[in-house]
Every structure is written in C-alpha cells, then in structure tokens.
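Residue numbers (this note's numbering): 142 to 362.
We put the beta carbon where it would ideally sit given N, CA and C, even for glycine.
All values reported here derive from a predicted model rather than from experimental measurement.
Take a look at the structure below.
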Amino acid sequence: MTDDLLAAVRARFDGRAGEYDDSAMHRGLAAAVAAFALADAENVHDVLDVGTGTGLVLRALRERDPSLSLTGVDLSNGMLEVAREALPDAVLVQGDATALTFGDGEFDLVTCVTSLHLFPDPRAAIAEWVRVLGSGGRAVTATFGDIDLSQHGGRPGAAVAPAGHHGAGGSPSPTHHELFRTPELLAETVAPAGLEVVRHEWWTHGDDRVLLAELRPASTR
C-alpha cells in the first residue's frame, strides 16, 4: 500500500474502534464465519486473521474451539487495542496485509472478513495467504455482494450501494468490491494465486449480503 492509502485506512478504523463491536452485523458475521470456517475443522490449529480489526472473528473461532492458536494482523492500532484486551493470549500484529511478516507455511487457516475491498492490491494480499499457508491449508473469505453504507461508517440513512461503490462518506480509502461480489468473480480473482473456490454460502443481515467462501490450492483438489 502507498503511504497515503495506509494512513487513510488506518485513520478511518482508528476512529471507529470504540464502537465497532456495537454492530450486530459485525458480531453476527463473525459468528457465521467461524461456523463456516470450522465446519470441517480437521487439521486446523494455527489461524491467521488478516484485517482482524477488534478480533471479532478470532473471538468467535475461539468460542468454537479454545485449542486454536490465534494470530491477527491489522493496520489500525486503535482496533488492535480492543482486540488485545479481548484476546490477551493471541498474537496481534500491526502491519500491511500485502507484506505479511510471517514465515512460509505457518498457518492451517487464513481468514479475511470484509477487508479485501480495502486493499489497493488485493491480489498481492491473496498471494501472501498462499505463501503463509501450510500443506493442506485453506483460506476463508467474507466479501460483500451488497452493502448498506449506513452500517459501515457511512452517514445514517445512507442508501444501500451495489458492491463496487467507492468508500463511504467520500473516504479516500480504496474499494474493490467488484472483484469478489459473486462466487464466479471471486474465483477469477484468486485463480492467478493458484486458489479455487471449493464451497460458498450467502449470509444476510438487513440490507447487507455477504459471500462466505472457502479457498484451497487447486493442486490439492
């Protein structure tokens, strides 16, 4: 990410850190992702959540399986401060999703929940998932099909926007919803990294419609 974009995204979420967990949508989606990701929990121990924010997904995963080793990375130190209070035993790192500081093959599961659209180079982030996943590892994503901007930092009463809409409230942070808004588009986006969509389901909350997808290396199928 460029310095200006890093700063814009960081500032946006630092400002939302204190209220982020108040959203029923955020909490409900975290629970849904945990259930989806651990539906076949065999050989899952080391988990990395990219764009972890306040750690809601990691918390939901731990509720389902307390034995998991949890790691999260996020740009926003304000969000991470909330996560650290809730998850004192997790490894929580401030960093760039497109340049992870972890070694090759460290994780069994990578999750990325409603964050991909914020990355200026989402394909670089996806390539990093492949690098840090071990043999037999997989990634789980949650991406917007449709989004109610009023629930995600936009002004109250903001209209529902189709995926691909620019940042709420005129935010300079990038959005790339169009790359992931359907299973077919997501499959096209992750294919250059050697991943394929092996299963998916839709989750809805009010006017938000979110695609949950499991990705695995094509060579392991």
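C-beta atoms of residue i and residue j nearer than 8 Å
i       : j       : result
Gly-169 : His-318 : no
Val-174 : Val-251 : no
Ser-210 : Asp-190 : no
Val-271 : Gly-335 : yes
Gly-196 : Ala-227 : yes
Val-273 : Gly-246 : yes
Ala-149 : Ala-171 : no
Leu-353 : Pro-263 : no
Thr-242 : Val-232 : no
Glu-342 : Phe-177 : yes
Buried or exposed (CB count within 10 angstroms, at least 16 for buried), residue i
i       : result
Asp-144 : exposed
Val-198 : buried
Glu-355 : buried
Ser-217 : buried
Val-351 : buried
Asp-215 : buried
Trp-344 : buried
Ser-238 : As written in the sequence, residue 238 is Ala, which differs from the Ser given in the question. So Ala-238 counts as buried.
Asp-181 : exposed
Ala-283 : buried
Straight-line gap, residue i to residue j (C-alpha atoms, nearest Å)
i       : j       : result
Val-281 : Glu-337 : 11 Å
Gly-244 : Met-166 : 33 Å
Arg-157 : Met-220 : 8 Å
Phe-285 : Leu-257 : 10 Å
Arg-279 : Arg-357 : 5 Å
Thr-323 : Asp-349 : 14 Å
Ser-276 : Val-331 : 18 Å
Ser-360 : Tyr-161 : 38 Å
Ala-266 : Leu-327 : 14 Å
Asp-206 : Glu-269 : 25 Å
Val-223 : Val-185 : 25 Å
Arg-340 : Gly-192 : 22 Å
Asp-230 : Ser-208 : 12 Å
Glu-325 : Ser-164 : 29 Å
Glu-204 : Leu-179 : 11 Å
Arg-151 : Glu-183 : 35 Å
Asp-249 : Pro-333 : 21 Å
Phe-260 : Glu-329 : 17 Å
Arg-225 : Ala-240 : 22 Å
Residue i: first and last residue of the uninterrupted alpha helix (DSSP H) it sits in
i       : result
Val-273 : 263-273
Glu-251 : In the sequence on display, residue 251 carries Val and not Glu. Val-251 -> not in any alpha helix (DSSP H); beta strand (DSSP E) instead, spanning 248-254.
Leu-233 : Not the alpha helix (DSSP H): Leu-233 falls in the beta strand (DSSP E), residues 232-235.
Val-331 : 324-331
Opening and closing residue of the beta strand (DSSP E) in which residue i lies
i       : result
Arg-357 : 349-358
Glu-342 : 336-346
Pro-174 : One point to set straight first is that residue 174 is Val, not Pro, in the sequence displayed. Not the beta strand (DSSP E): Val-174 falls in the alpha helix (DSSP H), residues 165-178.
Check your understanding: In chain order, which beta strand (DSSP E) runs of at least 3 residues are fully inside the stretch 182-248?
Key -> Listed in chain order, they are 187-191, 210-215, 232-235.
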